[in-house]
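Engineer:
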Amino acid sequence: MKQEGGDGAVHPWNGAAYPQLRGATPAQAVEMFLALLQDRLPVWLRTLDDLMHMAGKGRVNDNLLPVARAGIDYYAEVQAAAMPAFLSPSITVRFREALRETELGPASEIAPLAEYLGAERRLGRVSPDVTPEASARLLLAGCFRHAYYEMFIGAGSGLSRDEGAVEIVRELRLETVTPRTPALS
Numbered sequence: 001m002k003q004e005g006g007d008g009a010v011h012p013w014n015g016a017a018y019p020q021l022r023g024a025t026p027a028q029a030v031e032m033f034l035a036l037l038q039d040r041l042p043v044w045l046r047t048l049d050d051l052m053h054m055a056g057k058g059r060v061n062d063n064l065l066p067v068a069r070a071g072i073d074y075y076a077e078v079q080a081a082a083m084p085a086f087l088s089p090s091i092t093v094r095f096r097e098a099l100r101e102t103e104l105g106p107a108s109e110i111a112p113l114a115e116y117l118g119a120e121r122r123l124g125r126v127s128p129d130v131t132p133e134a135s136a137r138l139l140l141a142g143c144f145r146h147a148y149y150e151m152f153i154g155a156g157s158g159l160s161r162d163e164g165a166v167e168i169v170r171e172l173r174l175e176t177v178t179p180r181t182p183a184l185s
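Counting along the sequence shown from 1, when you hit position 178 you're at 178 in this note's numbering, and nothing is skipped either side.
1. For a test of the three-state rule: what should DSSP assign to Val-130, helix, strand or coil?
2. Around the Cβ of Ala-114, are there at least 16 other Cβ atoms within 10 angstroms (buried) or fewer (exposed)?
3. CB-CB under 6 Å to Leu-34, same chain, minus the five flanking residues each way: which ones, in chain order?
4. Roughly how many angstroms separate the alpha carbons of Ala-165 and Val-126, rounded to a whole number?
5. Give me the Cβ distance between Val-78 and Arg-46, rounded to the nearest whole Å; I'm assuming they're in contact under 8 Å.
6. Using 8 Å as the threshold, is the C-beta distance between Arg-137 and Pro-128 below it?
7. May I have a chain-ordered list of the alpha helix (DSSP H) segments no shorter than 4 residues that lie completely inside the stretch 104-128?
8. Return the residue from the list Ile-153, Leu-51, Glu-109, Thr-92 that minimises the CA-CA distance to Gln-28.
9. Are the CB atoms of Ala-119 and Met-52 within a distance shorter than 8 Å?
10. Who are the near neighbours of Glu-167 in its chain, counting only those whose CB is closer than 7 Å to its CB and skipping five residues on each side?
11. For my contact list, Leu-64 and Leu-139 are in at a C-beta cut-off of 8 Å; report their separation, rounded to the angstrom.
12. Which residues bound the alpha helix (DSSP H) around Leu-172?
13. How many angstroms separate the CA atom of Arg-145 from the CA atom of Gly-71?
14. Ordered along the chain, which non-local residues of its own chain (more than five positions away) have a Cβ less than 6 Å from that of Gly-105?
15. Excluding the 5 residues flanking Val-67 on each side, which residues of the same chain have their C-beta closer than 8 Å to its C-beta?
16. Assuming Glu-175 and Val-30 make a contact with CB atoms under 8 Å, what is their CB distance in whole Å?
17. When we look at the beta-carbon of Gly-156 and count the other beta-carbons within 10 Å, is it buried (16 or more) or exposed?
18. Alpha carbon to alpha carbon, what distance is there between Gly-56 and Pro-132?
19. In angstroms, rounded to a whole number, what distance separates the CA positions of Arg-94 and Glu-101?
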């Protein structure tokens with residue numbers, strides 16, 4: 001189904017794929033997406049901010065698991081609503097401007113996670129060669145990718161969200177490894 005957008009161009013997005021956006025122009029879809037983001041992002045950022053209270057407590061990977069799972073859930077929820085924003089160059093520009101104006105871009109997610117990882121590194125609980133910002137970006141990218149694939153391929157065709165969160169955190173290899181002492185014989 002092709003639908004004419006607010007910019008006069010015909011866009012091949014199907015409003016049936018996004019029931020909450022049915023009948024909306026791409027410009028209206030961007031506004032609805034930004035409203036969804038303003039509603040959901042504070043909850044997601046609170047999850048990231050609360051992680052700082054875990055510095056020095058428990059295992060780092062165990063502290064990150066609920067964050068990774070919440071990230072997958074968050075991205076799965078907001079990605080479908082974001083798709084119409086990328087159908088027209090003018091709508092994409094408007095979307096980018098709105099993110100800058102509202103400061104809802106990726107930096108708002110990376111900073112609290114990097115702060116936590118930096119604190120754990122200073123405590124010696126994360127390997128000293130870990131770059132907190134890069135590791136934060138990788139964790140978030142893994143969550144985004146899992147949600148993206150789930151949206152296109154379908155839930156159940158790959159790892160569950162819980163399994164995906166475990167894999168994402170494990171493969172970051174953040175925790176310091178204590179060498180094992182060989183057993184005396």
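Even glycine gets a Cβ: it sits at the ideal position worked out from N, Cα and C.
Structural biologist: Reading from the atomic positions:
1. In the structure shown, Val-130 sits in coil (DSSP, three-state: anything other than H, G, I, E or B).
2. By the neighbour-count rule (16 or more Cβ atoms within 10 Å), Ala-114 is buried.
3. Taking Leu-34 as the centre and dropping the five residues before and after it, the same chain places the C-beta of Ala-98 closer than 6 Å to its C-beta, in chain order.
4. Ala-165 and Val-126: Cα-Cα distance of roughly 18 Å.
5. Val-78 to Arg-46, Cβ: 16 Å. No contact.
6. Cβ atoms of Arg-137 and Pro-128: not closer than 8 Å.
7. The qualifying runs are 107-122.
8. Ranking Ile-153, Leu-51, Glu-109, Thr-92 by Cα distance to Gln-28 puts Thr-92 first.
9. Cβ distance < 8 Å, so Met-52 and Ala-119 count as in contact.
10. Counting only residues of its own chain and dropping the five nearest sequence neighbours on each side, Glu-167 has a CB closer than 7 Å to the CB of Leu-159.
11. Correct: roughly 7 Å between the Cβ atoms.
12. Where Leu-172 is concerned, the enclosing alpha helix (DSSP H) starts and stops at 161-172.
13. Answer to the nearest angstrom: the Cα atoms are 10 Å apart.
14. Within the same chain, Cβ atoms closer than 6 Å to the Cβ of Gly-105 are found at Leu-99, the five residues on either side in sequence being excluded.
15. Answer for Val-67: Thr-47, Leu-48, Leu-51, Leu-113, Leu-139, listed in chain order.
16. Contact doesn't hold; Cβ gap of about 40 Å is too wide.
17. Residue burial is scored here from C-beta neighbours: Gly-156 has fewer than 16 other C-beta atoms within 10 angstroms and is therefore classed as exposed.
18. Distance between the alpha carbons of Pro-132 and Gly-56 is about 16 Å.
19. The alpha-carbon atoms of Arg-94 and Glu-101 are separated by roughly 10 Å.
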